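Residue 28 in the UniProt record's numbering sits at position 28 of the sequence shown, and the numbers go up by one each step.
Okay, so here's the structure we're looking at.
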Amino acid sequence: MKNTTSLLIGTLFTLISTAFLSSNIVFAAKNNVKVKGTLVNSPCVVLPENKMMEVDFGDIRLLDIYDPTYELPRRELTLVLSNCDLTIAKKMKVKFTGAEHRQMSGYLALTDTEHNPGLGIGIELASGEEIKVNKFSSLVPIIQAGKNELKFNTFLKATPEAINNKQIKTGQIAAIATFLFEYE
Numbered sequence: 001m002k003n004t005t006s007l008l009i010g011t012l013f014t015l016i017s018t019a020f021l022s023s024n025i026v027f028a029a030k031n032n033v034k035v036k037g038t039l040v041n042s043p044c045v046v047l048p049e050n051k052m053m054e055v056d057f058g059d060i061r062l063l064d065i066y067d068p069t070y071e072l073p074r075r076e077l078t079l080v081l082s083n084c085d086l087t088i089a090k091k092m093k094v095k096f097t098g099a100e101h102r103q104m105s106g107y108l109a110l111t112d113t114e115h116n117p118g119l120g121i122g123i124e125l126a127s128g129e130e131i132k133v134n135k136f137s138s139l140v141p142i143i144q145a146g147k148n149e150l151k152f153n154t155f156l157k158a159t160p161e162a163i164n165n166k167q168i169k170t171g172q173i174a175a176i177a178t179f180l181f182e183y184e
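Spelled out as structure tokens, the structure:
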């Protein structure tokens with residue numbers, strides 16, 4: 001008798017669940033899909049292959065950093081703009097956003113600030129005009145329709161305190177920034 005009862009309950013459960021699964025009950029929520037975006041009239045495009053840039057400073061000797069007469073080398077950074085349309089804009093500004101160095105205003109902080117808090121990265125236009133981190137540059141002309149290359153210099157700089165107290169440590173350095181454009 002006990003086996004028959006469990007078989008009967010199991011069969012009843014199977015019939016009820018089959019009824020629920022096979023029924024065509026439709027649940028609909030009102031306004032549950034939202035579509036959004038922004039239409040822009042951008043004069044230039046940064047192609048996907050040009051969105052990630054890397055600057056390699058190579059090996060820098062500590063002796064050179066500590067030498068007050070030695071100027072650390074600049075490393076070029078080139079941002080490539082494509083499909084530029086001069087009928088939309090002829091000038092632009094660029095901004096590099098990132099963590100600003102605590103002691104050197106306008107300089108990019110290293111990602112590992114605990115290891116070398118006295119080092120920062122400077123950015124300047126090819127003309128030598130400094131671009132402060134998180135601030136727009138002065139206006140730069142868009143030279144031609146189509147492809148344009150914007151050239152910048154990046155450089156490593158140490159605080160006077162880090163130099164005087166010989167606080168700079170050997171090891172890897174890295175910093176991260178995002179570039180933004182504003183057209184006029």
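We put the CB at the ideal spot given by N, CA and C, even for glycine.
This one's a predicted model, so the numbers in the text were calculated from it and none came from an experiment.
Whole-Å CB distance - residue i paired with residue j, under 8 Å assumed
i	j	result
residue 93	residue 182	5 Å
residue 100	residue 50	Actually they are not in contact, since the Cβ atoms of residue 100 and residue 50 sit about 25 Å apart, beyond 8 Å.
residue 83	residue 45	5 Å
Residue i - partner residues in DSSP beta bridges
i	result
residue 91	141
residue 178	97
residue 183	92
residue 109	120
residue 131	123
residue 81	148
residue 75	154
CB of residue i within 8 Å of CB of residue j, strictly
i	j	result
residue 154	residue 123	yes
residue 97	residue 38	no
residue 188	residue 53	No statement about residue 188 is possible, as the shown extent of the chain runs from 1 to 184 and does not include it.
residue 62	residue 159	no
residue 142	residue 90	yes
residue 156	residue 77	no
residue 109	residue 175	yes
residue 166	residue 66	yes
residue 168	residue 118	yes
Residue i Cβ short of 7 Å to the ligand MN heavy atom set
i	result
residue 35	As for the ligand MN, it is missing from this structure, which has no ligand bound.
Original post:
Curious, which full-length alpha helix (DSSP H) runs of at least 4 residues does the segment 134 to 176 contain?
Top reply: Counting only runs of at least 4 residues, the segment 134 to 176 fully encloses the following alpha helix (DSSP H) elements, listed from N- to C-terminal order: 160 to 164.
**OP:** Indicate whether the contact test is met: 3 or more Cβ pairs, each with one atom in the segment 29 to 43 and one in the segment 118 to 131, closer than 8 Å.
**Re:** Verdict: no, contact absent.
**OP:** Enumerate, from N- to C-terminal direction, the unbroken alpha helix (DSSP H) stretches of 4 or more residues contained entirely within the segment 31 to 71.
**Re:** Counting only unbroken stretches of 4 or more residues, the alpha helix (DSSP H) elements lying wholly within the segment 31 to 71 are 62 to 66, in sequence order.
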